[in-house]
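Here's the structure, in structure tokens; my notes come after.
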Amino acid sequence: MKVLVVGSGGREHALAWKLAQSPRSTELHAAPGNPGIAGLGPCHPVHAEDAEGLLALARALAIDLVVIGPEVPLVLGVADALRLGGVAVFGPSAAAARIEGSKRFAKEVLQAAGVPTAEGLAVARPPCVVKADGLAAGKGVFVCRTQNELDAALRSASGLGDDFVVEELLEGDELSVFAICDGVTALGLPPARDFKRAFDGDSGPNTGGMGAFSPVPLGRLELAELVGSVHEPVLRELARRDAPFIGLLYAGLMLTEAGPRVLEFNCRFGDPETQAILPGVEGDLLGALAAAAAGDLGHATIAASDEAAVTVVLAARDYPAAGDIGSPIAGIAEAEADGAVVFHAGTALRGNRLVTNGGRILNVSATGSTLGEARVRAYAAAERIDFDGIRFRTDVALEAANGAPVG
Ligand code: AMP
Ligand code: GLY
């Protein structure tokens with residue numbers, strides 16, 4: 392199969408890396424890709440949101456499957472344009488991607504599907520959570536424990552647009568559960584946890600994610616049971632609304648004392664969770680994505696290895712406020728010689744020199760027979776890498792590796 396991966400971040404590098412390992416993969420292409428993905432196959436200068444350009448590229452290359460990474464092209468309908476043009480796509484239509492694109496729509500679907508979520512509140516009073524309705528790249532959610540926090544949140548949320556929702560504040564451990572979906576059936580992947588705050592101890596501003604680990608032990612819960620009670624009812628409700636979901640349905644869950652509650656849905660693979668989940672996937676991911684795109688996930692299975700994986704994000708000095716451009720990067724080969732995999736997230740080539748080009752620059756993933764071992768390896772590899780202003784959290788997976796209860 393000839394595969395085209397759309398996007399240019401660490402998530403897309405991890406997808407390309409895994410898909411290229413499939414025995415079914417004959418050619419791996421990316422648009423626009425990045426210097427890391429370029430090591431796996433040709434990268435084409437077509438923007439991830441350029442539906443016409445991607446359709447022309449997919450036709451010219453006789454691509455068998457397009458895999459779309461980021462949410463923005465999905466919400467804009469890039470998958471629809473490709474499907475209309477006769478190209479097989481793993482990624483939801485714009486109508487189904489609203490599950491991420493509109494918090495209000497997501498709440499309606501959850502309620503209609505009978506899936507437990509945070510209760511909506513008619514009156515904003517602390518403690519509560521305020522969420523801007525549209526896509527806000529992780530910056531539209533405000534957890535308010537005090538009146539001052541609530542006042543600030545309401546000001547910021549109205550600055551992001553005229554629509555927001557208010558809901559109860561849930562307490563518990565968070566978990567990301569991804570499922571490959573063909574519109575009807577959902578196939579769960581090993582659960583992950585990401586680290587959203589910029590600094591150690593979950594302090595500082597929210598970011599796109601500073602690290603992740605997988606699997607997260609589910610305690611008494613079963614993955615299939617979770618997917619059957621969260622993802623599958625949502626698939627049924629979306630199909631009933633003529634918006635069948637074909638792609639990766641990502642449930643952000645809070646494991647509360649009363650059971651799992653949905654915090655949010657995303658319509659695509661998570662970043663950086665994907666970089667921690669895929670190293671532990673042993674089955675044929677490409678086969679499963681192609682089957683889902685064909686509407687026939689049927690008997691596809693995904694085998695998970697016994698190993699744990701930890702991903703550490705190497706970020707620019709001022710991320711998330713600002714990125715860094717043009718600082719030379721050293722040490723990737725040394726980090727990989729240590730057994731880690733280094734995914735490119737914000738890099739560029741200047742001449743033949745690899746330089747920084749963004750906020751999150753690289754993602755270092757390592758596996759081990761325990762979470763603790765994976766963690767030690769990931770950090771040892773991260774220490775090998777250097778660029779001006781390099782910064783990373785030092786506590787990714789620390790509590791879980793020390794045996795603190797995770798769910
Ligand atoms: P979201 O983009 O909806 O996942 O929200 C981002 C983060 O805000 C989540 O990962 C949670 O840490 C937090 N959050 C969202 N909704 C709630 C809630 N109802 N109660 C507590 N924390 C929440
Ligand atoms: N890691 C959070 C996200 O991808 O939205």
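Position in the sequence shown (from 1) plus 391 gives the number in our numbering.
The beta-carbon is built from N, C-alpha and C at its ideal position, and this holds for glycine as well.
Keep in mind it's a predicted model, so treat the numbers as computed, not measured.
Could you say which of the options lies nearest to residue i if we only look at CA atoms?
i    : options                : result
G750 : G643, V394, G400       : G400
V489 : A706, T738, E655, G678 : Going by the sequence as given, residue 489 is Arg instead of Val. For R489, the nearest C-alpha among the options comes from E655.
D786 : Y770, D573, R775, F778 : Y770
E673 : P483, K409, G432       : K409
N748 : A724, A773, D709, P596 : D709
A451 : D524, V478, D471       : V478
L676 : F481, S413, A513       : S413
S567 : G661, A509, C519       : G661
C519 : I776, L545, P624       : L545
F555 : G737, N425, S493, V755 : S493
D593 : G794, K393, A788       : A788
G602 : G574, L612, D591       : D591
R474 : P423, A429, I637, R632 : I637
N743 : L395, A411, A421, A429 : A429
A706 : R588, E613, E462       : R588
E558 : A634, A509, C434       : A509
R415 : R768, D455, D687       : D455
E613 : L629, V394, L448, G650 : G650
N657 : N539, A497, G511, A447 : A497
Near residue i, what residues of its chain come up, given a Cβ to Cβ distance below 7 angstroms and the 5 sequence neighbours on each side ignored?
i    : result
V469 : E440, A442, L445, I459
V480 : V457, I459, A470, L473, R474, A684
P433 : H420
L449 : Correcting the residue type first, residue 449 is Ala in the shown sequence and not Leu. The answer, listed in chain order, is L395, V457, L473, V478.
P483 : L465, A470, F636, I637, G638, C658
Throw me the rounded Cβ distance for the residue i and residue j pair, which I believe falls under 8 angstroms.
i    : j    : result
A757 : G730 : 6 angstroms
I571 : L680 : 7 angstroms
L640 : R652 : That belief does not hold up - the Cβ atoms of L640 and R652 are roughly 16 angstroms apart, past 8 angstroms.
I693 : L617 : Actually they do not touch by this definition, with Cβ atoms about 15 angstroms apart.
A724 : A772 : About 11 angstroms separates the two Cβ atoms, so there is no contact after all.
S547 : F569 : That belief does not hold up - the Cβ atoms of S547 and F569 are roughly 29 angstroms apart, past 8 angstroms.
S605 : A583 : 4 angstroms
P426 : A712 : Not quite, the Cβ-Cβ distance comes to about 25 angstroms (not below 8 angstroms), so this is no contact.
D585 : P663 : 6 angstroms
L669 : D573 : Contact doesn't hold; Cβ gap of about 20 angstroms is too wide.
G759 : A699 : 6 angstroms
V500 : E648 : Incorrect: roughly 25 angstroms between the Cβ atoms, too far for contact.
K393 : A453 : 6 angstroms
Does DSSP put residue i in a helix, a strand or coil?
i    : result
N597 : strand
R782 : strand
H404 : helix
R751 : strand
P517 : coil
F660 : coil
F496 : helix
P426 : coil
V575 : coil
P608 : coil
H420 : strand
I693 : coil
G477 : coil
V797 : Caution applies to V797, whose pLDDT of 45 falls short of 50 and renders its modelled position unreliable; the model cannot decide the point.
G592 : helix
L456 : strand
G763 : helix
I637 : strand
A788 : coil
Y710 : coil
Using the DSSP secondary-structure output, state which residues sit across from residue i in a beta bridge.
i    : result
S567 : A583, G643
H435 : None; H435 has no bridge partner.
V746 : P719, A739
A603 : D585, T702
S756 : T702, V732
T508 : V653
A523 : F555
V394 : L419, L456
G671 : None, per the DSSP bridge assignment.
V532 : K522
D804 : An answer regarding residue 804 cannot be provided, because it is not within the stretch 392 to 798 covered by the chain.
Quick one: what's got a C-beta closer than 6 angstroms to residue i's C-beta in the same chain, skipping five residues either side?
i    : result
A792 : L762, G763, R766
T665 : R402, A405
V396 : E403, L406, A407, A421, V458
D715 : A707, T747, G780
R775 : G722, E725, A726
V732 : S756
Closer than 8 angstroms by C-beta to residue i: which residues in its own chain qualify, once you throw out the five before and the five after it? Chain order, please.
i    : result
L467 : E440, A442, A485
V506 : S620, V621, P624, V625, V653
T537 : P517
R782 : L705, A706, A707, R708, Y710
Is residue i a contact residue of ligand 4, with contact defined as CB to any heavy atom under 6 angstroms?
i    : result
E558 : No copy of ligand 4 appears in this structure; the ligands present are ligand 1 and ligand 2.
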